[in-house]
Structures are given as C-alpha cells and as structure tokens.
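Structure, as structure tokens:
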Amino acid sequence: MHKLYISLLLVFLVVPVWAQRITNVQAQMVGDYVSIQYDLAGEIPGQVFEVALYSSHNDYSQPLKQVRGEVGPDITPGRQKAIEWGAQKELTRFTGDVTFEVRANLTFSPIAIGYPEVESVFRRGHAYKLQWKGGLAGEKLRLELIRDGFPNQVIDNVPNTGNYTWRVAEETPIAENYRLKITAQSNNVLNTKTSDLFAIKRRIPLVAKFIPAGILLGAAGFWAISQFGPGPGSEEPILPPPDQEGL
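According to my numbering, the sequence shown is numbered sequentially starting from 4.
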C-alpha cells in the first residue's frame, strides 16, 4: 500500500505564478483516489483555460495522467472545480509524501474594448490612446476603423499590449458613425470585437474659427473709423439752430 500525504500548505506555496487564477485548493484521499477542489478566476467573461494537475513525485515535470473531472482543455472559470486523481494507478512504485500544483493556462480570451467609449469624440490631427483587454499574450492584433459596417482604414497591426496610441489623420472624413474593430487569431479561432459608436470631428471647431475672424474684422473697422472719420452715409447729425434772442 502506498503512503500518500497531502500538504495543503505546500500546494499554495509552490504555485505563485498561478496564484491569481487558482485559489482555494483542497485535497483529500477518497478510497484509491485523491479528490482535489479549486477555484478558477477569469478576468473577462468567456475566457477558456487548459487545466493540468502536477505532483511532487516527479518534481512537477509532467502533468498527471490518471485524472478526470474539470481538467484538460476548455475549462471555464468557476468555483469548486473538482479533479479526481487515480493515485494507486499512476504511482505503482512510489512511497512518500505527495504535494500538488493545479496550473491553468489561458487558451482563449475575448477582447473587451475600454476606449473609445460610447459617444467619444476624436479630432483630426490629435493623438488618442486606444485601450482594450483580452486576447492572448504575444499574438498580433489588427486595428481597423469601421464606418457604416464597412472597413474605412486599417489603423495598424500591433502586438497585444493592451493599448495603442493612434493619431487621427487630417484627411479622415468627418462623421459620427465610426467604430473601432480589433481582430485576433487565437488558436485558429477568430476573435474580434467592435466598439460603440464614436465621432471624428475637425481639428478646430468651425465656431472657434469664425469668432476670431469676427473679432479681427470688428477691430479693423474700429481702427478705420478712428483714423479717417465717419464714411459716406454716416455724417454727423444736423442739430436745430439755437434760439436767437432779441430778433
């Protein structure tokens, strides 16, 4: 009979890389099986993970094979996930203490756009930081400007860093029905997201252009009058003669 010990303290200490995703790991012997429960946290709804169970008997070098339950590909986040490990089948010649790691590798993550937001306003010639979450680390993303549901221009093909500084071209047509579309190819699965509507407007609003022009014209007219006197049609008013006493 094999001697198996479960050290929950070591389970938590040996998995710092996955600590933000795997929590509340618990393990206990149930007959010939070890029952392991864990919580799997995701950052964005719709994320998918590949979960594997590792053991100290081979220095965590290879995942355990005699496992069933919520382990393997296509595991979604949730609480009280359960794995059963057939210890007696896999460790036929092992005696000693056994500790475990539960590892979760992100295999798919939908894209969530943080900026632009609904009714955002972009001005031609200005730079803006586009922001998003999701996708996989190291993959390329295609950023496109969409108008009326059709591609208007390709902004860039960029690494998945979560943000990109975009300078709106001066020749971009003015409109209020633009969207940002981000597309990735995650493990041969098309992953795309389109933002809410936003507007692209002139670099300087027309009102801001007209007001300075009006001020300049008014100042020029005042200077001309002060220098040359009233022009035609602007004569001084003719006053009635004063009373003539003694006449």
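Ideal placement from N, C-alpha and C gives every residue a C-beta, glycine not left out.
I'd like the ranges of any alpha helix (DSSP H) spanning at least 4 consecutive residues and lying wholly in the stretch 78–129. Listed in chain order, the alpha helix (DSSP H) elements of length 4 or more contained wholly in the stretch 78–129 are 90–93.
Out of Asp62, Val54, Val33, which one is the CA nearest neighbour of Leu43? By one-based count along the sequence shown, residue 43 stands at place 40. Here the closest residue by C-alpha is Val54.
Based on Cα-Cα distance, which residue from Pro66, Trp135, Val37, Ile47 lies nearest to Gln91? Residue mapping note: residue 91 aligns to position 88 of the sequence shown, counting from 1. It is Val37 whose Cα lies nearest to the Cα of Gln91.
Rounded distance between the beta-carbons of Ile47 and Gly137, thought under 8 Å: For the purposes of this step, residue 137 is identified with residue 134 of the sequence shown, where counting begins at 1. For the purposes of this step, residue 47 is identified with residue 44 of the sequence shown, where counting begins at 1. With a contact defined as Cβ atoms closer than 8 Å, Gly137 and Ile47 qualify at about 5 Å.
Leu193 and Tyr167 look like a contact to me (Cβ under 8 Å); what is the Cβ gap, rounded to whole Å? The count along the sequence shown starts at 1 and reaches residue 193 at position 190. The count along the sequence shown starts at 1 and reaches residue 167 at position 164. Rounded, the Cβ-Cβ distance is 20 Å, inconsistent with contact.
Hey, is the stretch 126–133 in contact with the stretch 196–207, meaning 3+ C-beta pairs nearer than 8 Å? Touching, yes, given that three or more Cβ pairs across the two stretches are closer than 8 Å.
Measure how close the beta-carbons of Gln50 and Pro76 come, nearest whole angstrom, since I'm counting them as under 8 Å. What you label residue 50 is simply residue 47 of the sequence shown in a count that begins at 1. What you label residue 76 is simply residue 73 of the sequence shown in a count that begins at 1. Not quite, the Cβ-Cβ distance comes to about 13 Å (not below 8 Å), so this is no contact.
How long is the line joining the alpha carbons of Arg182 and Gly117, rounded to whole angstroms? Here residue 182 refers to the residue found at position 179 when the sequence shown is read from its first residue. Here residue 117 refers to the residue found at position 114 when the sequence shown is read from its first residue. Using only the alpha carbons, I get a separation of about 13 Å.
Out of Leu109, Ile149, Arg24, His60, point me to the one whose CA is closest to Arg96's CA. For the purposes of this step, residue 96 is taken as residue 93 along the sequence shown, with counting starting at 1. Comparing Cα positions, the closest option is His60.
For the beta strand (DSSP E) holding Tyr63, just list the boundary residues, first then last. To locate residue 63, count along the sequence shown from 1; it is residue 60. Counting along the chain, Tyr63 falls outside any beta strand (DSSP E), and DSSP gives it neither H nor E.
Candidates Thr197, Phe52, Asp159: closest to Phe153 by CA position: Counting from one through the sequence shown, the residue named residue 153 turns up at place 150. Minimum Cα distance to Phe153 is reached at Thr197.
Alpha-carbon spacing of Gln83 relative to Asn27, whole angstroms: Indexing the sequence shown from 1 puts residue 83 at position 80. Indexing the sequence shown from 1 puts residue 27 at position 24. Between Gln83 and Asn27, the C-alpha separation is close to 8 Å.
Rounded to the nearest angstrom, what separates Gln69 and Thr195 at their Cα positions? Position 66 of the sequence shown, counted from the start, is the residue given in the question as residue 69. Position 192 of the sequence shown, counted from the start, is the residue given in the question as residue 195. Note on geometry: alpha-carbon atoms of Gln69 and Thr195 lie some 37 Å from one another.
Best match in Ala140, Trp88, Phe103 for proximity to Leu109 [C-alpha to C-alpha]: Position 106 of the sequence shown, counted from the first residue, corresponds to residue 109. Out of Ala140, Trp88, Phe103, Ala140 has the C-alpha closest to the C-alpha of Leu109.
Between the Cα of Ile114 and those of Asn163, Leu200, Met32, spot the shortest distance and give me the residue it belongs to. Position 111 of the sequence shown holds residue 114. Per the Cα distances, Asn163.
Just how far apart, CA to CA, sit Ser64 and Asp35? Taking the sequence shown and counting its residues from 1, the one referred to as residue 64 is at position 61. Taking the sequence shown and counting its residues from 1, the one referred to as residue 35 is at position 32. If I take the Cα positions, the gap works out to 23 Å.
Helix, strand or coil, according to DSSP, for Val74 in the structure here? Within the sequence shown, numbered from 1, the residue matching residue 74 stands at position 71. Coil.
State the Cα-Cα distance for the pair Gly72 and Trp169, rounded to the nearest angstrom. Position 69 of the sequence shown, counted from the start, is the residue given in the question as residue 72. Position 166 of the sequence shown, counted from the start, is the residue given in the question as residue 169. Rounded to the nearest whole angstrom, the CA to CA distance from Gly72 to Trp169 is 46 Å.
Among Glu174, Phe103, Asn191, which one has its Cα closest to the Cα of Asp62? Position 59 of the sequence shown, counting from 1, holds the residue named residue 62. That would be Phe103, whose Cα lies nearest to the Cα of Asp62.
Keeping to the same chain, check which residues put their C-beta closer than 7 Å to that of Thr175; ignore five residues upstream and five downstream. Translated into the one-based positions of the sequence shown, residue 175 becomes position 172. Only Arg127, Ile203 meet the Cβ criterion.
Three-way DSSP call (helix, strand, coil) for Ser198 in this model: Here residue 198 refers to the residue found at position 195 of the sequence shown. Here DSSP, grouped into helix, strand and coil, assigns Ser198 to coil.
Ignore the nearest five residues each way along the sequence and tell me which others in Phe225's own chain have a CB closer than 8 Å to its CB. What you label residue 225 is simply residue 222 of the sequence shown in a count that begins at 1. Because Phe225 sits at a pLDDT of 47, beneath the cut-off of 50, its placement in the model cannot be relied upon, and the following sentence gives the value as read from the coordinates. Here Phe225 has no same chain residue with a Cβ atom under 8 Å from its own Cβ, once five neighbours each way along the sequence are excluded.
Near Val161, what residues of its chain come up, given a Cβ to Cβ distance below 6 Å and the 5 sequence neighbours on each side ignored? Mapped onto the sequence shown, residue 161 falls at position 158. Leu144, Tyr167, listed in sequence order.
What's the C-alpha gap between Ile177 and Ala130? Here residue 177 refers to the residue found at position 174 of the sequence shown. Here residue 130 refers to the residue found at position 127 of the sequence shown. Each residue's alpha carbon lies about 16 Å from the other.
By Cβ distance, which residues of its chain are closer than 7 Å to Arg150, with the 5 residues on each side in sequence left out? Position 147 of the sequence shown, counted from the start, is the residue given in the question as residue 150. Around Arg150: Ala178, Asn180, Tyr181.
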